[in-house]
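Novice: Following this message is one structure expressed as structure tokens.
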Amino acid sequence: MFYNLFTPDHPLNIRNLNYNLSRLSPPLRDLYWTEYIRKNFNFFKELVIKYKDAIRDPVLTSRDSEIYFLKTNFLAILLPTTIRDFRNLITKVLFKYGLVFPEIFFKLASYMIENQDPYITERLIAILYGITMFFFNQPNREEYKDLIVYWSKKIYEWFFQEESQFSTTHFFIRQHARLIIELGLLLDNKILNKSSTSLIRPPYKKGGNREWCEVDLEAIGPFKSGAYPFRLENFGKYIIGDLIPYDDNGLRDQNEYNKLLRKIYCRMRDFGFSGEIFSDIDKTISDLNYYYYPKSNIGKVDRYGKKYAWIAYFELAGYRTDHELIKEWKKDRLYEYFIDPSFPKPPRIINFEDLNLLKRDEEDIDNRLDLLEKFGDENFLQRDNLNEDLDDWILLNAIIYQSHEKGYGQIVYRIDGAIYISEKKNSNFEKILDYVINNSTFIKPENNGVVYAGEVPWCDIFKSENQYEKILNLTHYYFLDTVEIGYNRETYIPSKDLCFYSNLKKKDRYFEFIDNKGELGIVACNIKGENNLKGLTIYIRRNLLESYVEEKKGVFFQKVKLVVNYLLEDTLNDLEFIPNECRTYKEKLFLNFPLQKERLYYS
């Protein structure tokens, strides 16, 4: 059976399966196909991994092209799965296919969108946006101009033009579609005329579901205990509740919340969802999520009620955004639902083998702080090379951490770089120090919201505000993975203003930024070493920093904090509860001015 699926011109190939699935209503597709995927998860996962490993870039014959199309078609019809990690894996594999065979992937998107399954369309448009970002971020982006322009025109026809067939209020589908076109406009501003351009940008007045009915939960029931579509105290309160702005007292309107619930129930009914079909299955999934899936290689599996609720939720979110009923909606993207379609590669690694910065037994704590300062001067604050990239590099931000494996001690090395803006050419260093001491909360990189890696720095979602009074911050936090935050899951990214001034573009899928000559200008790196050494850093070429500081008429400084924290020798053996009197904590603080070779200590 599966051999025939990928045989061109065979009457029972994947096109036949896709056709038969498309004729079913969404609930029946889920009942007969999505459930089949869940029950045979290991088999399908092996196939997906096999296809991922088989991606090549040969010179394709027409038959080869059809085979690759059939394979991507097969991957696409797996996207309705409610197995979260598996769905993300399929998305990433399709993204890789799209990078190698962009024309084939766009053909797939054009083909599959006819099914009008929002669970598939949402991911395919996200992937297409990710591929577009990748091509746009290439130094030779002009070679991809015709491709991106063509895609932009078709996307406009699908979702935005008057009477478009696939228009929707689904927030993610519409936003990703719009941003593909925005990239096309950056390459050719004549793609759309002024009136057409206004149709792709919010607020939207037309398209998608504009009439929202209301029904009670009973209208889509009955449900068994533990098989309700979603938990009101979780999904209901914290997810749906975000669609309602707070009043002056910090409260949400309960009546408005109840109306939103009824709207979502009604939209779920429109899709054909009912407890009669899915209650038994959802009860089984709920039980397996509790005692089996977490221990297996499957991971979290959504109930079908949750799946249909998500679709309705994002359609309602888009609709309410259009009517300005949402003032700030998780900064426009949801963390729980977040997947970055640009699929960034992790920052490069700076290795420190056999390095132990922890305090030695009987060592004086002040001596350890002095050693940490010296080590930072020699290895972090400035570097004359960065993983074989020879140049003069200045550290913008860093946090470096090392702890004893049993929790007996730790060191922290934190650097926050910023520019002090002054009208005077030669600012007094003591004056800067006094300002920093009294305004230290302004001197730290902030999270810019859910910005995709490929959107830095061109996208308007990536905000440019990074100045507080006299302090100009140069970086933002970026979370690689919102499920598991940690030193391997976050990094720094440069500010929009810094990138634009220095004319820097993102390099492929890396957290590296290059100039027009293709030379590195800003690089994010993670620290890795033995003895539990971890950290994240971001560096800039000295000449770029000097030029930017001169333009801003300011003074660049590094706010450095060194910490040594360890346990006294007579500490109790029970490390779960250690009183403060058994701990020794000491820090060293100073401002470093690397461009002027000055340093001021403070406490």
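Everything in the sequence shown is counted per the numbering used here, starting at 377 for the first residue and increasing by one.
Using N, Cα and C, we set each Cβ at its ideal position, and we do this for glycine too.
Bear in mind that the values here come from a model prediction, so they are computed numbers and not experimental data.
#1: For my contact list, A563 and V591 are in at a C-beta cut-off of 8 Å; report their separation, rounded to the angstrom.
#2: For L397 versus I453, is the C-beta distance shorter than 9 Å?
#3: For R432, which option in V469, F420, V476 has the closest C-alpha, if you only look at C-alpha atoms?
#4: State yes or no: is the C-beta of F909 within less than 9 Å of the C-beta of I776?
#5: With a cut-off of 8 Å on the beta carbons, I'd call I596 and I616 a contact; round off their distance for me.
#6: Compare the C-alpha of S571 against each of Y695, S401, F536 and name the closest.
#7: Would you decide whether T851 is buried or exposed? Buried here means 16 or more other CB atoms lie within 10 Å of its CB.
#8: I want to know whether the stretch 511-523 touches the stretch 553-569 - three or more CB-CB distances under 8 Å.
#9: Taking all protein chains shown into account, do 16 or more other C-beta atoms lie within 10 angstroms of the C-beta of D624, making it buried, or fewer, making it exposed?
#10: Closer than 7 Å by C-beta to E860: which residues in its own chain qualify, once you throw out the five before and the five after it? Chain order, please.
#11: So, for A688: in the same chain, excluding its five sequence neighbours on each side, which residues have a beta-carbon less than 6 Å away from its beta-carbon?
#12: By DSSP, does V591 sit in helix, in strand, or in coil?
#13: Rounded C-beta distance between W527 and T508? I'm assuming under 8 Å.
#14: Taking 9 Å as the threshold (C-beta atoms), are L446 and L470 in contact?
#15: Does the distance from the CB of L748 to the CB of L771 come in under 9 Å?
#16: Can you have a look at S342 and say buried or exposed, based on whether 16 or more other CB atoms are within 10 angstroms of its CB?
#17: Can you tell me the Cα-Cα spacing of P621 and K581, whole angstroms?
#18: Should R439 go down as buried or exposed, given a rule of 16 or more other Cβ atoms within 10 Å for buried?
#19: Starting from S779, trace the alpha helix (DSSP H) both ways and give me its first and last residue.
#20: Could you tell me how far apart the beta carbons of F729 and G612 are, in whole angstroms, since I believe they sit closer than 8 Å?
#21: Tell me the rounded alpha-carbon separation between F542 and P870.
#22: Going by the CB atoms, is the gap between L593 and P605 shorter than 9 Å?
#23: Quick one: residues in its chain with C-beta nearer than 8 Å to the C-beta of R975, no 5 flanking neighbours on either side, listed in chain order?
#24: Taking the straight line between their C-alpha atoms, what separation do you get for G583 and V826?
#25: Compute the distance between the beta-carbons of N394 and N380, then report whether it is under 9 Å.
#26: Between which two residues does the alpha helix (DSSP H) holding R405 run?
#27: Does the beta-carbon distance from Y942 to G785 come in below 9 Å?
#28: Taking 8 Å as the limit between beta carbons, can you name the residues of its chain near Y886, skipping five residues before and five after?
#29: Can you look up F966 in the DSSP assignment and give me helix, strand or coil?
#30: Looking only at DSSP bridge pairs, what is K937 linked to?
#31: Per DSSP, H699 is paired with what?
#32: Would you call G894 buried or exposed, if buried means 16 or more other Cβ atoms sit within 10 Å of its Cβ?
#33: If you follow the beta strand (DSSP E) that H852 is in, where does it begin and where does it stop?
#34: With distance defined between alpha-carbon atoms, name the residue in R696, Y844, I847, I496 nearest to Y684.
#35: Rounded to the nearest angstrom, what separates K530 and F481 at their Cα positions?
#36: Could you check whether the stretch 669-681 touches the stretch 646-655, counting it as contact only if at least three pairs of C-beta atoms, one from each stretch, sit closer than 8 Å?
Specialist: This is what the structure holds:
#1: First, the residue type needs correcting, since residue 563 is Leu and not Ala in the sequence shown. Actually they do not touch by this definition, with Cβ atoms about 46 Å apart.
#2: yes
#3: V476
#4: Contrary to the premise, residue 909 reads as Leu rather than Phe in this sequence. Closer than 9 Å, so yes.
#5: Incorrect: roughly 15 Å between the Cβ atoms, too far for contact.
#6: F536
#7: buried
#8: yes
#9: exposed
#10: Bear in mind that the predicted position of E860 carries a pLDDT of just 40, short of 50, making it unreliable; the figure below should be weighed with that in mind. The answer is none, since no qualifying residue turns up.
#11: I640, R643, M644
#12: coil
#13: 7 Å
#14: no
#15: no
#16: Residue 342 lies beyond the stretch modelled for the chain, which goes from 377 to 979, so this question has no answer here.
#17: 21 Å
#18: exposed
#19: Taken as a continuous stretch (DSSP letters only), S779 belongs to no alpha helix (DSSP H), being part of the beta strand (DSSP E) at 765-779.
#20: Note on identity: in this sequence residue 729 is Glu, with Phe being the wrong assignment. Between G612 and E729 the Cβ distance is about 51 Å, and since that is not below 8 Å, they are no contact.
#21: 37 Å
#22: yes
#23: F966, L967, N968, F969
#24: 26 Å
#25: no
#26: 402-405
#27: yes
#28: P720, K721, P723, R724
#29: strand
#30: R790, L965
#31: BP columns for H699 are empty, so no partner.
#32: exposed
#33: 851-855
#34: I496
#35: 14 Å
#36: yes
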